[in-house]
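Colleague:
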Amino acid sequence: MRTTFRYLLAATAALAISGMANAYTYNIVLKASDLLKKGREMIQVGNTEKARVIFTAALDRDLTDWQRARAHNGMCVALIMEEAWSEALDHCNTAIRIVPNNWRFYNNRGNIYLETGEIDLALEEYRRGLEMAPQSYVIKRNIELASLRAKDSGADHPQTMRPT
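With the sequence shown counted from 1, adding 4 to any position gets you the numbering used here.
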């Protein structure tokens with residue numbers, strides 16, 4: 005056993021000295037679904053920059069329509085968190101064009117409108133989402149929030165509640 009180990013050690017050293025040894029590196033390639041999951045995880049912990057990098061990588065892949073829409077929606081959410089409204093809206097609109105029957109996409113577009121002061125458009129988007137998911141607590145809460153903002157739009161105090 006010792007002789008075998010010494011032989012292997014000597015052979016490895018000889019290869020290294022002669023330049024014949026190769027250092028191997030491995031790149032871990034994630035499936036599209038893994039990228040989408042990782043992007044969502046980054047959003048949940050608030051790392052929007054990393055989330056955008058991950059969703060961009062996902063969008064460079066061969067994706068199903070559903071996966072592509074989810075990647076655009078993920079980018080939308082990350083950009084909403086960064087208050088990059090115009091870019092967020094572009095990604096949200098793309099997600100809706102690809103998969104027009106997902107209430108979350110309309111909720112996110114409503115959030116953009118609400119945060120940019122377009123309350124009527126926000127309510128319209130939330131109501132579209134509610135038609136698709138009538139039991140959604142998130143949509144119902146955002147409709148209430150938008151309605152409150154509409155009532156308080158002339159008030160001198162800032163709104164502190166954010167849509168979800």
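Idealized CB from N, CA, C, for every residue including glycine.
#1: Does DSSP classify Ser37 as helix, strand or coil?
#2: Output yes or no for whether 8 Å exceeds the beta carbon distance between Asn115 and Ile84.
#3: May I ask you to report which of helix, strand or coil DSSP gives Thr60?
#4: Could you tell me if Val81 is buried or exposed, where buried requires 16 or more neighbouring beta carbons within 10 angstroms of its beta carbon?
#5: List the endpoints of the continuous alpha helix (DSSP H) containing Val142.
#6: Can you tell me which of Asp124, Tyr130, Lys41 and Lys144 puts its alpha carbon nearest to the alpha carbon of Tyr110?
#7: Taking all protein chains shown into account, do 16 or more other C-beta atoms lie within 10 angstroms of the C-beta of Trp70, making it buried, or fewer, making it exposed?
#8: In its own chain, which residues sit with a C-beta less than 7 Å from the C-beta of Thr98, not counting the 5 before and 5 after it?
#9: Under the three-state reduction of DSSP, which class applies to Arg74: helix, strand or coil?
#10: State the Cα-Cα distance for the pair Ala73 and Pro138, rounded to the nearest angstrom.
#11: Using the Cβ count rule (16 or more neighbours within 10 Å means buried), how would you classify Gly133?
#12: Drop a sphere of 10 angstroms on the beta-carbon of Pro104, count the other beta-carbons inside from all chains shown, and report buried for 16 or more, exposed for fewer.
#13: Would you identify the three-state DSSP class for Ala88, choosing helix, strand or coil?
#14: When the Cα atoms are used, what is the spatial distance from Glu122 to Trp107?
#15: Kindly list the residues whose CB is nearer than 7 Å to the CB of Ala126, restricted to its own chain and excluding five residues on each side of it in sequence; keep chain order.
#16: Applying the 10 Å Cβ sphere with the 16-neighbour rule, what's the burial state of Pro167?
Modeller: Let me spell this out:
#1: Within the sequence shown, residue 37 is the residue found at index 33, counting from 1. Helix at Ser37.
#2: As a working note, residue 115 is residue 111 in the sequence shown. As a working note, residue 84 is residue 80 in the sequence shown. Yes, the Cβ-Cβ distance between Asn115 and Ile84 is below 8 Å.
#3: In the sequence shown, the residue the question calls residue 60 occupies position 56. Helix, per DSSP.
#4: Stepping through the sequence shown from its first residue, residue 81 is reached at position 77. The residue in question, Val81, is buried, as its Cβ has 16 or more Cβ neighbours within 10 Å.
#5: Within the sequence shown, numbered from 1, the residue matching residue 142 stands at position 138. Note, Val142: alpha helix (DSSP H), Tyr141 to Lys155.
#6: In the sequence shown, the residue the question calls residue 110 occupies position 106. Among Asp124, Tyr130, Lys41 and Lys144, the Cα nearest to that of Tyr110 belongs to Tyr130.
#7: On the sequence shown, position 66 is the one that residue 70 refers to. By the Cβ-count criterion, Trp70 is exposed, with fewer than 16 other Cβ atoms from all chains shown falling within 10 Å of its own Cβ.
#8: Mapped onto the sequence shown, residue 98 falls at position 94. His76, listed in sequence order.
#9: Taking the first residue of the sequence shown as 1, we reach residue 74 at position 70. Here Arg74 sits in helix by DSSP.
#10: The residue labelled residue 73 in the question sits at position 69 within the sequence shown. The residue labelled residue 138 in the question sits at position 134 within the sequence shown. Those two C-alpha atoms are separated by around 22 Å.
#11: As a position in the sequence shown, residue 133 is number 129, starting the count at 1. Buried, by the Cβ-count rule.
#12: Residue numbering aside, residue 104 sits at position 100 when the sequence shown is read from its first letter. Per the 10 Å Cβ criterion, exposed.
#13: Here residue 88 is taken as the residue at index 84 of the sequence shown, counted from 1. Reduced to three states, the DSSP call for Ala88 is coil.
#14: Translated into positions along the sequence shown, residue 122 becomes position 118. Translated into positions along the sequence shown, residue 107 becomes position 103. Put simply, the backbone Cα of Glu122 is about 19 Å away from that of Trp107.
#15: Counting from one through the sequence shown, the residue named residue 126 turns up at place 122. Same-chain partners within the cutoff: Gly114, Tyr117, Leu118 and Ala150.
#16: The residue given as residue 167 occupies position 163 in the sequence shown. When all chains shown are included, Pro167 counts as buried.
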